[in-house]
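Q: In the UniProt record's numbering, the protein residues as written are 1 to 464.
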Amino acid sequence: MSIKIKNGRIITATDDYIADIFVDGETIKAIGKDLPIDADSTIDASGKLVFPGGIDPHVHLDMPFMGTFSSDTHETGTRAALFGGTTTVIDFVLQKQGHSLKEALAEWKSRATGTAAGDYSFHMAVTDFNDNTKAEIQEMVENEGITSFKTFMAYKGALMIDDSQMIGLMQEVKKQGGLVTVHATNGDVIDFLVAKHKREGKLSPLYHYLSQPEVTEAEASGRFSDMADYTDCPGYIVHMTCEGALNAVRNATRRNQKVFVETCIQYLLLDASLYEAGGSLDFEGAKWVMSPPLRQKKDQQTLWAGINQGLVQVVATDHCPFMWAQKLMGKDDFSKIPNGHPAIENRMELLFSEGVGKGKITLNKYVEVACTNAAKIFGMFPRKGTLAVGSDADIVIFDPNEKHTLSAKTHHMNVDYSGYEGWEVTGKVKTVLLRGNVVIDANKCLVEKGNGQFIKRNKVSGKI
Ligand code: URP
Ligand code: ZN
Ligand code: ZN
Ligand code: ZN
1 MSIKIKNGRI ITATDDYIAD IFVDGETIKA IGKDLPIDAD STIDASGKLV
51 FPGGIDPHVH LDMPFMGTFS SDTHETGTRA ALFGGTTTVI DFVLQKQGHS
101 LKEALAEWKS RATGTAAGDY SFHMAVTDFN DNTKAEIQEM VENEGITSFK
151 TFMAYKGALM IDDSQMIGLM QEVKKQGGLV TVHATNGDVI DFLVAKHKRE
201 GKLSPLYHYL SQPEVTEAEA SGRFSDMADY TDCPGYIVHM TCEGALNAVR
251 NATRRNQKVF VETCIQYLLL DASLYEAGGS LDFEGAKWVM SPPLRQKKDQ
301 QTLWAGINQG LVQVVATDHC PFMWAQKLMG KDDFSKIPNG HPAIENRMEL
351 LFSEGVGKGK ITLNKYVEVA CTNAAKIFGM FPRKGTLAVG SDADIVIFDP
401 NEKHTLSAKT HHMNVDYSGY EGWEVTGKVK TVLLRGNVVI DANKCLVEKG
451 NGQFIKRNKV SGKI
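#1: Should residue 4 be labelled buried (16 or more other beta-carbon atoms within 10 Å of its own) or exposed?
#2: Pull the bridge partners of residue 342 from the DSSP assignment, please.
#3: Under 6 Å from any heavy atom of ligand 2, by CB: list those residues in chain order, please.
#4: For residue 42, list the residues DSSP reports as bridge partners.
#5: Could you tell me the alpha carbon to alpha carbon distance between residue 190 and residue 211, rounded to whole angstroms?
#6: So, helix, strand or coil for residue 207, using DSSP?
#7: So the alpha helix (DSSP H) residue 124 belongs to, where does it begin and stop?
#8: For residue 399, report the span of its alpha helix (DSSP H) as first-last.
#9: Which whole runs of the alpha helix (DSSP H) in the region 140–200 are 4 residues long or more, in chain order?
#10: If residue 20 sits next to residue 32, beta carbons under 8 Å apart, how far is it from one beta carbon to the other, in whole angstroms?
#11: Less than 7 Å between the CB of residue 208 and some heavy atom of ligand 3, yes or no?
#12: Using only the heavy atoms of ligand 3, determine whether one of them is closer than 7 Å to the beta carbon of residue 291.
#13: Entirely within the region 264–309 and at least 4 residues each: give me those alpha helix (DSSP H) ranges in chain order.
#14: Let's see if you can read the secondary structure: which residues bound the beta strand (DSSP E) around residue 229?
#15: Let me know the secondary structure DSSP gives residue 328 once reduced to three states.
#16: Could you give the residue range of the beta strand (DSSP E) that holds residue 434?
#17: What residue range is occupied by the uninterrupted beta strand (DSSP E) comprising residue 316?
#18: Does the region 425–434 touch the region 92–109, meaning 3 or more C-beta pairs lie closer than 8 Å?
#19: Which residues share a DSSP beta bridge with residue 32?
#20: Please identify the residue among 423, 334, 183, 157 whose C-alpha is closest to the C-alpha of residue 346.
#21: Taking 7 Å as the cut-off, is the CB of residue 238 close to at least one heavy atom of ligand 3?
#22: Pair every Cβ in the region 355–364 with every Cβ in the region 215–230, then say whether three or more of these pairs are closer than 8 Å.
#23: Could you tell me the alpha carbon to alpha carbon distance between residue 326 and residue 27, rounded to whole angstroms?
#24: With three or more beta-carbon pairs closer than 8 Å as the criterion, would you say the region 374–386 touches the region 451–460?
#25: Please state whether the Cβ-Cβ distance between residue 439 and residue 72 is less than 8 Å.
#26: Exposed or buried, which one is residue 194 when buried takes at least 16 other CB atoms within 10 Å?
#27: From what residue to what residue does the alpha helix (DSSP H) around residue 246 run?
#28: On a Cα-Cα basis, can you pick out the residue from 417, 349, 156, 453 that is closest to residue 403?
#29: Taking all protein chains shown into account, decide if residue 199 is buried (16 or more other Cβ within 10 angstroms of its Cβ) or exposed.
#30: Is it right to say residue 142 is buried, meaning 16 or more other beta carbons lie within 10 angstroms of its own, or is it exposed?
#31: Quick check: does the Cβ of residue 319 come within less than 7 Å of any heavy atom belonging to ligand 3?
#32: Check the DSSP bridge columns for residue 94 and list the partner residues they point to.
#33: Name the DSSP bridge partner or partners of residue 437?
#34: At what residues does the alpha helix (DSSP H) containing residue 74 begin and finish?
#35: Provide the residue(s) that pair with residue 445 in DSSP beta bridges, ordered along the chain.
#36: Per DSSP, which residues does residue 235 bridge with? Please list them.
This is the structure we're talking about:
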């Protein structure tokens, strides 16, 4: 089955030109002006943007967390991602403390295999680093194609590792050609502040925010960067929210160290005033109870600037949806509200509308941070993340002018509220191809569960 996409404005991280793309089977076979090749079908992309399928390297699908499971399965989450122009996601496998990486991987495979509609890969979260875990790293890299290892400096007793485990892991991951990623906040300080607020009877969502001040993220980001420098291990800080943390990375650049930084769409667009929009006792703020929490407007400016300065390489989502009934588990105690926010479907359109549309980033930068850099950092480039001959035909055809309104009534994520209810965005995903198949067209998903493939990833160098 071959497809010709005609006359689209092709945008990659570096290029911007009008041409045709010829797809045959799963990959792009030719790109050129007025291609003299016949195809089984033709899509007219005149007046549209054509860019690579988005990559969201930070999603939590069907994940056991805080006494419940995130509400999107690999099926519903990847399908919603396709609707929003994201063709590949990287989900997190969580090792159970006291158990092996292999067991965790088997558990995640049992939920994801045959269910995902879009392509997916896994990060391995190491929550218990010891001699047994150390011996499994090589197998993950060489046999499973899992080359990134996630760590948590918070969530003590469940996911957090200490600094000696971190150093040991970094040394082994460096040796095996992988990358260590981190949830960089100071778990002990946060636990101290949570306990203090609870003792004082301060139990509303606002106190989730007040228990994770900027310094907890700045300190951990600096500490992580120092340990990565000491071990010479490639490092990546997930969901960065604030100026203090970005300054820690800026400092690392002075010793010529590269620490990759991811922010998430919510930290660019939303701020902490939402936690007390209805007063300090308001529970509505639970919609945005995530870790780290939303910050200040000045932090949003820092993050946009960081993108343009090349300090922030990736805009992800940390998609971790919970139904309102699940959020209500913390009605009387903010520390029991499942942490997380839905955005897997909205990221590409929001970033286009608020970023490109409002003049904050260029079209090339948009593709770089939403598609290309994640593919490069995580060992999927050039198979994923760009439009080039030989790459997977993961292609988004996008109308830059069509306006529409985001709402839980119309989204495809399995969650009964939207963090962006009523937001009008300019720019809409019209048609999406995944490995040469049209998977989204005219607001319909044309593939079933099981269409998504697990993507084994290559070793990485820590340089892009
Ligand atoms: O609030 C969040 N971010 N939930 C998901 C787990 C994590 O820390 O990424
Ligand atoms: Zn076990
Ligand atoms: Zn996290
Ligand atoms: Zn996360």
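Glycine is no exception: its CB is placed at the ideal position from the N, C-alpha and C atoms.
A: Considering the structure as presented:
#1: Against the sequence shown, residue 4 aligns to sequence position 4. When all chains shown are included, residue 4 counts as buried.
#2: Taking the sequence shown and counting its residues from 1, the one referred to as residue 342 is at position 342. For residue 342, which the question treats as bridged, DSSP gives no partner whatsoever.
#3: 99, 100, 103
#4: The residue given as residue 42 occupies position 42 in the sequence shown. Paired residue(s): 4.
#5: Along the sequence shown, one-based indexing puts residue 190 at 190. Along the sequence shown, one-based indexing puts residue 211 at 211. Straight-line Cα distance between these residues: approximately 6 Å.
#6: Numbered from 1 along the sequence shown, position 207 holds the residue referred to as residue 207. Helix, per DSSP.
#7: As a position in the sequence shown, residue 124 is number 124, starting the count at 1. Premise fails: residue 124 lies in the beta strand (DSSP E), 119–125, not in any alpha helix (DSSP H).
#8: Here residue 399 corresponds to residue number 399 of the sequence shown, with the count starting at 1. Looking at the DSSP string, residue 399 is not in any alpha helix (DSSP H); the run it does join, the beta strand (DSSP E), is 395–405.
#9: 163–176, 187–199
#10: On the sequence shown, residue 20 is found 20 positions in, with the first residue counted as 1. On the sequence shown, residue 32 is found 32 positions in, with the first residue counted as 1. Right, the Cβ-Cβ distance comes to about 6 Å (below 8 Å), so this counts as a contact.
#11: What you label residue 208 is simply residue 208 of the sequence shown in a count that begins at 1. The answer is no for residue 208.
#12: Working through the sequence shown from its first residue, we reach residue 291 at position 291. Residue 291: yes, Cβ under 7 Å from ligand 3.
#13: Along the region 264–309, the alpha helix (DSSP H) occurs as fully enclosed runs of 4 or more residues at 265–269, 297–308, listed in sequence order.
#14: Along the sequence shown, one-based indexing puts residue 229 at 229. Unbroken run through residue 229 is the alpha helix (DSSP H), 214–231; no beta strand (DSSP E).
#15: Taking the sequence shown and counting its residues from 1, the one referred to as residue 328 is at position 328. Helix, per DSSP.
#16: Counting from one through the sequence shown, the residue named residue 434 turns up at place 434. Residues 424–434.
#17: Here residue 316 refers to the residue found at position 316 of the sequence shown. Here the beta strand (DSSP E) through residue 316 covers 314–316.
#18: Short answer: they don't touch.
#19: Locating residue 32 in the sequence shown gives position 32, counting from the first residue. DSSP output for residue 32 lists 20 as bridge partner(s).
#20: Locating residue 346 in the sequence shown gives position 346, counting from the first residue. Residue 423 is the option with its Cα nearest to residue 346.
#21: For this step, residue 238 is matched to residue 238 along the sequence shown. Residue 238: yes, Cβ under 7 Å from ligand 3.
#22: no
#23: The count along the sequence shown starts at 1 and reaches residue 326 at position 326. The count along the sequence shown starts at 1 and reaches residue 27 at position 27. C-alpha separation (whole angstroms): 41 Å.
#24: yes
#25: As a working mapping, residue 439 is identified with position 439 in the sequence shown. As a working mapping, residue 72 is identified with position 72 in the sequence shown. The answer is no: Cβ separation not under 8 Å.
#26: Position 194 of the sequence shown holds residue 194. Burial call: buried.
#27: Position 246 of the sequence shown, counted from the start, is the residue given in the question as residue 246. Looking at the DSSP string, the run of the alpha helix (DSSP H) that includes residue 246 is 243–253.
#28: What you label residue 403 is simply residue 403 of the sequence shown in a count that begins at 1. The shortest Cα separation from residue 403 among 417, 349, 156, 453 belongs to 349.
#29: Residue numbering aside, residue 199 sits at position 199 when the sequence shown is read from its first letter. That one is exposed.
#30: Locating residue 142 in the sequence shown gives position 142, counting from the first residue. It counts as exposed.
#31: For the purposes of this step, residue 319 is taken as the residue at position 319 of the sequence shown. Flag unset: Cβ of residue 319 not near ligand 3.
#32: As a first step, residue 94 is located in the sequence shown; it is residue number 94 there, counting from the start. Partner(s): 125.
#33: Taking the first residue of the sequence shown as 1, we reach residue 437 at position 437. Residue 437 pairs with 434.
#34: Position 74 of the sequence shown, counted from the first residue, corresponds to residue 74. 74–83 is the extent of the alpha helix (DSSP H) around residue 74.
#35: Along the sequence shown, read from residue 1 onward, the residue named residue 445 stands at position 445. 440, per the DSSP bridge assignment.
#36: The residue labelled residue 235 in the question sits at position 235 within the sequence shown. The partner list for residue 235 (beta bridge, DSSP) reads 180, 259.
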